[in-house]
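For the sequence shown, the numbering used here puts the final residue at 155, and the numbers step up evenly by one.
C-beta atoms are modelled at their ideal positions from N, C-alpha and C, and glycine is treated no differently.
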Amino acid sequence: MGSMSKHRCVDCGSLNTAQVVEAPDVNKYRGGRVPWGFVVMEGKFQFCPETGPLLAWVLTVRSSGWTYRRIAQELNVPSGWEAPSGGQWSHGSVRRVIAQGKKLSHLIPLSYIM
Numbered sequence: 042m043g044s045m046s047k048h049r050c051v052d053c054g055s056l057n058t059a060q061v062v063e064a065p066d067v068n069k070y071r072g073g074r075v076p077w078g079f080v081v082m083e084g085k086f087q088f089c090p091e092t093g094p095l096l097a098w099v100l101t102v103r104s105s106g107w108t109y110r111r112i113a114q115e116l117n118v119p120s121g122w123e124a125p126s127g128g129q130w131s132h133g134s135v136r137r138v139i140a141q142g143k144k145l146s147h148l149i150p151l152s153y154i155m
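Printed below as a string of structure tokens:
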């Protein structure tokens with residue numbers, strides 16, 4: 042959690058105690074479902090070489106104005122890419138992948154960002 046820190050007030054000289062809160066490590070895997078486009082290696086999220094490039098594409102086209110439905114339609118053409126739950130992509134599955142992918146987008150190598 043956090044640690045306690047003591048500071049002396051410069052004006053009156055009283056001793057103040059404050060808890061120092063450390064920022065959580067967002068790259069650390071804490072259990073549960075691994076976001077699509079990433080894998081867990083040595084307890085940390087890593088960019089997945091198989092699904093990661095497609096995640097980078099999804100994030101790129103979404104930021105350029107594509108709707109969730111248009112992205113789902115594009116992913117459902119005979120490309121061999123199944124939705125994370127298997128089967129067809131829907132606008133909801135695209136929305137979830139984007140929401141989860143944005144949290145870890147700093148792990149996407151710059152060479153995949155268009």
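Taking C-beta to C-beta, are PRO125 and SER134 nearer than 8 Å? Position 84 of the sequence shown holds residue 125. Position 93 of the sequence shown holds residue 134. Yes, Cβ-Cβ distance for PRO125 and SER134 is below 8 Å.
Secondary structure of GLN87, DSSP reduced to three states: Reading the sequence shown from its first residue, position 46 is the one you call residue 87. In this structure, GLN87 counts as strand in the three-state DSSP scheme.
Classification of PRO119 by the beta-carbon crowding that lies within 10 angstroms, buried from 16 upward: For the purposes of this step, residue 119 is identified with residue 78 of the sequence shown, where counting begins at 1. Label assigned to PRO119: exposed.
Backbone secondary structure at VAL99 - three-state DSSP: Stepping through the sequence shown from its first residue, residue 99 is reached at position 58. It is helical.
CB-CB under 6 Å to GLY127, same chain, minus the five flanking residues each way: which ones, in chain order? In the sequence shown, the residue the question calls residue 127 occupies position 86. Once the five neighbours on either side are set aside, GLY127 has no close Cβ partner at all.
Bounding residues of the alpha helix (DSSP H) (the contiguous stretch that carries VAL118): As a position in the sequence shown, residue 118 is number 77, starting the count at 1. Segment: none, VAL118 is in no alpha helix (DSSP H) and carries neither H nor E.
For VAL75, the three-state DSSP class (helix, strand or coil): Along the sequence shown, one-based indexing puts residue 75 at 34. Three-state DSSP puts VAL75 in coil, outside helix and strand.
Under DSSP, the alpha helix (DSSP H) around GLY142 begins and ends at which residues? Start at 1 with the first residue of the sequence shown, and residue 142 comes out as number 101. Note, GLY142: alpha helix (DSSP H), 132-144.
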